[in-house]
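So the structure is just underneath, and the comments pick up after that.
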Amino acid sequence: MSAREVESIFADIVERARASDPTNARKWFDDLRVIRFDGGSIGIACPDEASVRFLEQNCKGNFTRIAQQITGHLVSVDFLLSNGDSSRPIEALSPGPALHTDYTFDNFVVGPSNRLAHASCVAVSQSLGTTYNPLFLYGNAGLGKTHLLHAVCHEIRRRPGGAAIQLLSCEEFVNRFIRAIEQGNLGVFHSQFRTVDALVIDDVQFLREREQSQEEFFHTFNAIYNNGRQIILSADSPPAEIPSLEDRLVSRFNWGLVARIDSPTYETRIAIVQKKAHLRGLEVNDEIAEYIARQVHANIRELEGALTTIYALATTTHEPVTLELAQRALEGQIRLATRRIGILDIVEVVAKHFNVRLTDLQSKRRSQSITAPRQICMYLARLLTKLSLEEIGGHLGGRDHTTVLHACTKIAEEKEADPKMNALLTELARQITQTFLI
Ligand code: ADP
Ligand code: MG
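Structure (structure tokens):
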């Protein structure tokens, strides 16, 4: 919907409100401006606090009823304090969720790690509610989930038809829900969320251990889904692995398409560094892009961070950006990061992978089911920490250094001989290091 259409709808609302409430209109309705219209709610700016208080208390119901009649939607009305800048054009006051301008499909580098997620987002943005519903994206932090959700919304907004979108973090959804309960206006809350064409909620793992919010989410989901409207969700893990998420939500989240985003490959990382540099008007040559891509593996936000660090150093020292400078800039951070990996980080990942108990790996038990994962822990500890053989042995069942050395040699040989073992060790190392590497 264009700014002019929003203004015109708003003028109709005020005109009708004046007619139905002439006494209050004379004193309170003159200086109102529309500053938000996102399909679910209308934000009206008032000149001062007193007006906000008065209008919220005495005129909200009337305005809401009229707004609903005029728009034909169950919209809510909020009176807000104006920031005083009455010259601000309504275009600048986003009619809809605020979208990150860089987070578009054009700026998203597609590679094997995110191809499915990207393709499904493109498909959904082209035909809401019909291809994959819900669409559920998951992956570790910093791999582009939020970017893709914003890209879908940019794309929907670009198309004619004025589809109403709600995009928000799950935390915000929960907070608004709690506020609605406190203020006794759940009806308004429902109308904001249950009448949209697309509901896009980021980081739904936030629902864990929030029973009441899960209940509300369940009903919101059903209302939107049953109306054939689109639902897009993201989380840091697949539905079934979100702790204490109710089964009925897990099953609904699995109804459509669940798309995983993995850590980017080396080639994708290079392309992302170049894309990000380009967006900021920086020049990176291939050598430096490749260097950054080699240093940072698992998190794209950190890839950008590395780029920033390098350019910050170049700016402060007035030096040209060379490979040597890039190395100097990142070196300290990487050393610091590697030092932070502790034996427990390794044991946790390995225990989870082999489905054994953490305490068993650290115990003296010698059954085969424990010995093999424990040897892998030893090998990885040798590789990723600065601990001595004695220290590693001490943490893993009180073994002496020859046992640890034997384990490391054995696993290294298996890695050479068996591509499966090689892949497993790479994956475990990736999981362990991803939160630590810059
Ligand atoms: P998440 O929500 O999964 O934690 P974000 O969407 O916030 O991750 O992404 C972190 C940063 O990485 C953002 O700046 C985003 O633009 C960038 N990013 C992630 N994936 C890509 C990609 N494939 N191409 C370009 N930039 C990406
Ligand atoms: Mg995110």
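Residue numbers (the numbering used here): 17 to 454. From the three backbone atoms N, C-alpha and C, an ideal C-beta is built for every residue, glycine too.
Item: Around the Cβ of P435, are there at least 16 other Cβ atoms within 10 angstroms (buried) or fewer (exposed)?; Value: exposed
Item: On a CA-only basis, which of D94, E257, K291, H206 is nearest I58? Give me that one, please.; Value: D94
Item: So, F237 versus R268, is the Cβ gap smaller than 8 Å?; Value: yes
Item: Is the beta carbon of F222 sitting closer than 8 Å to the one on C169?; Value: no
Item: Rounded to the nearest angstrom, how far is the Cβ of T449 from that of A314, given a contact under 8 Å?; Value: 7 Å
Item: Considering only the alpha carbon of each residue, which of R42, A214, N130 lies closest to G158?; Value: N130
Item: Name all residues in chain order for which at least one heavy atom of the ligand ADP lies closer than 5 Å to the residue's CB.; Value: F124, V125, A157, G158, L159, G160, K161, T162, H163, I288, I316, R317
Item: Below 8 Å on the Cβ atoms is my guess for L444 versus V365; work out the distance and round it to an integer in Å.; Value: 6 Å
Item: Can you tell me whether DSSP reads L441 as helix, strand or coil?; Value: helix
Item: Which residue spans inside the segment 29-77 form an unbroken beta strand (DSSP E) run of at least 3?; Value: 49-53, 57-62
Item: Kindly indicate the opening and closing residues of the beta strand (DSSP E) around I275.; Value: Correcting the residue type first, residue 275 is Ala in the shown sequence and not Ile. Segment 273-276, the beta strand (DSSP E) holding A275.
Item: With which residues is F370 paired in a DSSP beta bridge?; Value: Beta-bridge pairing links F370 to no other residue.
Item: Check whether the Cβ of D219 lies closer than 7 Å to any heavy atom of the ligand MG, and answer yes or no.; Value: yes
Item: Buried or exposed: where does G413 fall if 16 or more other Cβ atoms within 10 Å of its Cβ makes it buried?; Value: buried
Item: Residues in the same chain with beta-carbon distance under 7 Å from P128, minus the five sequence neighbours each way, listed in chain order, please.; Value: T281
Item: For R210, which residues from the same chain have a beta carbon less than 7 Å from its beta carbon, with the 5 sequence-adjacent residues on both sides left out?; Value: T236, A239, I240
Item: Under the rule that 16 or more other beta-carbon atoms within 10 Å means buried, what is E340, buried or exposed?; Value: exposed
Item: Quick check on this structure: which residue in A214, V220, G177 has the alpha carbon closest to the alpha carbon of F189?; Value: V220
Item: In angstroms, rounded to a whole number, what distance separates the CA positions of G178 and G160?; Value: 26 Å
Item: Can you tell which of T331, E72, C137, V312 has the C-alpha that lies nearest to the C-alpha of I248?; Value: C137
Item: Helix, strand or coil for S250, going by three-state DSSP, please let me know.; Value: strand
Item: Inspect the beta-carbon positions of E171 and F121 and report whether they are closer than 8 Å.; Value: yes
Item: Where N460 and G272 are concerned, what is the direct C-alpha to C-alpha distance, given to the nearest angstrom?; Value: Lying outside 17 to 454, the shown extent of the chain, residue 460 is not represented and no answer is given.
Item: What's the C-alpha gap between D252 and G155?; Value: 5 Å
Item: From the DSSP output, in three-state form, read off V289 for me.; Value: helix
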